[in-house]
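> Structure incoming, see below.
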Amino acid sequence: MFRLTRPDARAIAAFLAGQRDAAFTYDAVGATREGGAPAGYTVDHNRVRLGTGRATFERARDALHAWRMLRLGWASIQPADAPIAPGTTVAVVVRHYGFWSLNACRIVHAFDDEADGVRRAGFAYGTLPAHGAVGEERFTVEWHRADDAVWYDLYAFSRPRHLLARLGRPFARALQRRFARASKQAMVDAAAR
């Protein structure tokens, strides 16, 4: 959904109501759980070191649960206080190239676990019909016990959904790269506080 003005709360609520029961737009729902991607999708994998230790991990995990990686000024999540839980439907509100868009996603899985000396917390969401792309994105904070390092890991697979998105693919890819940079910086800032 494209607009010339920022969507207000009522428009966002109506948009979300229309997507609440919609099916995912791709078959490999949950593929990011193991870091996999189906054939035919572009994979983006970005990581940044946030610091060290339990306190850094906890600040980063709290920031992830507060959607800080998506509070970028030109991008935000609605509802702003959406719970990080499977089944939660959200709208990613983005201002780009002079207009606004609403993109619907639903949380596929969430986790907070430890295995092989790595504590992980995060979640993934997948695209719904009212999204310009098709795919899934995972947001993870990792605390590696061996060296005490804390990392933010952003993993996604996607492809354009609509003709307009396919025609504008270079612009969409530039926007995805911009998002990765801004998201990583937001998490660096959040973990440092």
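The sequence shown begins at 1 in full-length UniProt numbering and counts up by one.
Glycine included, C-beta positions come from ideal geometry on N, C-alpha and C.
(1) Could you give the first and the last residue of the continuous beta strand (DSSP E) run that contains Asp113?
(2) Do you know whose CA, among Tyr125, Asp153, Arg173, Phe171, lies nearest Ala28's CA?
(3) Select from Asp148, Leu163, Thr140, Phe157 the residue whose C-alpha is nearest the C-alpha of Ser183.
(4) Going by Cα to Cα distance, which pick from Ala23, Tyr26, Arg61 is closest to Ala192?
(5) How about His144 and Gly122: do their beta carbons lie closer than 8 Å?
(6) Please give me, in chain order, every unbroken run of the beta strand (DSSP E) with length at least 3 that falls completely inside the region 42-106.
(7) If you measure between the beta carbons of Phe99 and Arg3, is that distance less than 8 Å?
(8) Once you ignore the five residues that flank Ala130 on each side, which residues in its own chain have a CB closer than 8 Å to its CB?
(9) So who's on the other strand from Val141, going by DSSP bridges?
(10) Less than 8 Å separating the beta-carbons of Phe24 and Leu175?
(11) DSSP state of Thr32, grouped into three classes?
(12) Does the Cβ of Trp74 have 16 or more other Cβ atoms within 10 Å, making it buried, or fewer, making it exposed?
(13) How is the alpha helix (DSSP H) around Gly128 delimited, first residue to last?
(14) Roughly how many whole angstroms lie between the Cα atoms of Ala63 and Leu167?
(15) By how many angstroms is the C-alpha of Asn46 removed from the C-alpha of Asp153?
(16) For the alpha helix (DSSP H) containing Ala180, list its first residue and its last residue.
(17) Distance, Cα to Cα, His109 vs Ala146?
So, to answer that:
(1) 99-115
(2) Tyr125
(3) Thr140
(4) Arg61
(5) no
(6) 42-52, 75-78, 89-96
(7) yes
(8) Met1, Phe15, Gly18, Gln19, Ala22, Leu102, Asn103, Ala104
(9) Ala121, Tyr152
(10) no
(11) helix
(12) exposed
(13) Note on identity: in this sequence residue 128 is Leu, with Gly being the wrong assignment. Note, Leu128: premise wrong, no alpha helix (DSSP H); not H, not E.
(14) 35 Å
(15) 6 Å
(16) 169-192
(17) 26 Å
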